[in-house]
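Note sheet for the following structure.
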Amino acid sequence: MTSCVFCKIAQGDIPAQIIYEDESVIAFKDLSPKAPVHVLIVPKKHVQSVAHFQVEDKELAAHIFVDVVPKLAAQLKLTDAGFRLVMNTGSDGGQSVPHLHVHLLGGRKMTWPPG
Ligand code: AMP
Ligand code: ZN
Numbered sequence: 206m207t208s209c210v211f212c213k214i215a216q217g218d219i220p221a222q223i224i225y226e227d228e229s230v231i232a233f234k235d236l237s238p239k240a241p242v243h244v245l246i247v248p249k250k251h252v253q254s255v256a257h258f259q260v261e262d263k264e265l266a267a268h269i270f271v272d273v274v275p276k277l278a279a280q281l282k283l284t285d286a287g288f289r290l291v292m293n294t295g296s297d298g299g300q301s302v303p304h305l306h307v308h309l310l311g312g313r314k315m316t317w318p319p320g
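Position one of the sequence shown corresponds to residue 206 (my numbering), numbered consecutively onward.
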């Protein structure tokens, strides 16, 4: 059995506040939200990070960004005001869960640069 927390959520083995699900992707509320809206968009397939995408993941990557992100942004009423996508990658990137995920943050003004 996998020890990966996001694989477990995708398989329904541990609970999450799921707001979207399709054949290849699941999205749920972050346990420790950093903005009024903080959702994680996660492929059901275990891919460690964006640095580990393979050629066969092209459709999945496009699906996340072309289909799921705009749909969720609209569903969460973020399209007009805007939002931020974050993909922390590896140690220097601050990734704490080694299963690829896109943070969708919104509902407040974001600052730049990130910490
Ligand atoms: P990162 O640091 O970019 O790898 O992001 C991992 C995110 O996953 C953090 O924002 C955590 O709060 C969140 N997280 C960890 N475990 C869970 C969980 N069981 N359910 C929801 N969010 C989680
Ligand atoms: Zn996983």
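Each residue gets a CB set at the ideal place from its N, CA and C atoms; glycine is no exception.
inquiry  = Nearer than 7 angstroms: is that true of the beta carbon of residue 302 relative to any heavy atom of the ligand AMP?
reply    = yes
query = So who's on the other strand from residue 232, going by DSSP bridges?
reply = 225, 246
Residue range of the unbroken alpha helix (DSSP H) whose run includes residue 210 = 210-215
query = Beta carbon of residue 312, beta carbon of residue 232: below 8 angstroms?
reply = no
ask   = Expressed to the nearest angstrom, what Euclidean distance is found between the alpha-carbon atoms of residue 308 and residue 292?
value = 6 angstroms
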